[in-house]
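*Asks:* Residue numbers (full-length UniProt numbering): 1 to 260. Backbone N, C-alpha and C define an ideal beta-carbon position, used for all residues, glycine too.
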């Protein structure tokens, strides 16, 4: 149902389960653990599925001897976990010069949620496309979450008008979040892990430093013709750690100590 506090609620769709048929089906009753089901829902006005809902069904007899009682499953929602995402912005290369005099005042902005965006300091008067930061940004993020994409943006700072975006890139870190949740251990997104678990089929891999721990992400933006172009690269390093690990193994924000 679609709840409406002004008018009648709207039916989104329904799905039917014949409980009597289930109960008397020998194959279903023989299953020690009943499966989780993903069921399509349909509206009477259409033969097209209106979505899927996840459910779990079991049928127990009301009166049985204690020793014959079915095992009770705890279906309490798993509590949210908290992770610390440690993003190090090292430097840039080939960054586009945005000012008329052939320079850019470069800084990097990063976020999972734009309301909680973090920024590096600014490398003023960059003339070679090589801005240096060596700057750590620390994010406290919940798991699970709706969006696992880390947004990275390179800007040219202006004092008398709005800052100009040089380019941006998004990294989907869902797999890394899930793996930290399972292992309860810190995870560094190095070259081997990224290539095996994050890089999607057909995608071009990033350029990695020799140590395999930091990599260059492209800063892409639309040009005057509306076509996407690469305006340089930002070298970053990513580590995701459980909150309790972060408390006992602290690292400094920005360039603060401990700087490891």
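1) Enumerated in chain order, which unbroken segments of the beta strand (DSSP E) with a length of 3 residues or greater are wholly contained in the segment 4 to 87?
2) Could you work out which residue in 225, 57, 15 is closest to residue 44 when comparing CA atoms only?
3) What do you reckon, are the CB atoms on residue 117 and residue 123 nearer than 8 Å?
4) Looking at C-alpha atoms only, which residue of 225, 33, 144, 127 is the closest neighbour of residue 112?
5) Alpha carbon to alpha carbon, how far is residue 108 from residue 244?
6) With DSSP run on the structure shown, which of helix, strand or coil describes residue 189?
7) Using only CA atoms, which one of 242, 238, 163, 146 lies nearest to residue 184?
8) Helix, strand or coil: which one does DSSP assign to residue 104?
9) Considering only the alpha carbon of each residue, which of 38, 23, 240, 57 lies closest to residue 148?
10) If you reduce the DSSP assignment to three classes, tell me which class residue 177 lands in.
11) Closest to residue 142 by CA distance: which of 216, 97, 60, 178 is it?
12) Take the Cβ of residue 120 as the centre, count every other Cβ of all protein chains shown within 10 Å, and call the residue buried at 16 or more, exposed below.
13) If you check the beta carbons only, do residue 152 and residue 57 fall under 8 Å apart?
14) Report yes or no: do three or more beta-carbon pairs, one from the segment 77 to 93 and one from the segment 133 to 140, lie closer than 8 Å?
15) What would DSSP say about residue 240, mapped onto helix, strand or coil?
*Replies:* With the structure as the only source:
1) 36 to 42, 49 to 56
2) What you label residue 44 is simply residue 44 of the chain shown in a count that begins at 1. Nearest C-alpha to residue 44: 15.
3) Translated into positions along the chain shown, residue 117 becomes position 117. Translated into positions along the chain shown, residue 123 becomes position 123. Contact flag unset, no.
4) Here residue 112 is taken as the residue at index 112 of the chain shown, counted from 1. Comparing Cα-Cα distances from residue 112 to each of 225, 33, 144, 127, the minimum goes to 144.
5) As a first step, residue 108 is located in the chain shown; it is residue number 108 there, counting from the start. As a first step, residue 244 is located in the chain shown; it is residue number 244 there, counting from the start. Roughly 28 Å between the two C-alpha positions.
6) Here residue 189 refers to the residue found at position 189 of the chain shown. Coil, per DSSP.
7) For the purposes of this step, residue 184 is taken as the residue at position 184 of the chain shown. Closest by alpha carbon: 242.
8) Position 104 of the chain shown holds residue 104. Of the three classes helix, strand and coil, the one that applies to residue 104 here is strand, per DSSP.
9) In the chain shown, the residue the question calls residue 148 occupies position 148. Of 38, 23, 240, 57, the residue nearest in Cα terms is 240.
10) Start at 1 with the first residue of the chain shown, and residue 177 comes out as number 177. Of the three classes helix, strand and coil, the one that applies to residue 177 here is helix, per DSSP.
11) Here the question's residue 142 lines up with position 142 in the chain shown. Measuring from the Cα of residue 142, the nearest candidate turns out to be 178.
12) Position 120 of the chain shown, counted from the first residue, corresponds to residue 120. Result: buried.
13) Walking along the chain shown from the start, residue 152 turns up at place 152. Walking along the chain shown from the start, residue 57 turns up at place 57. For residue 152 and residue 57, no; Cβs fall outside 8 Å.
14) These segments touch.
15) By one-based count along the chain shown, residue 240 stands at place 240. DSSP places residue 240 in strand when its eight states are reduced to three.
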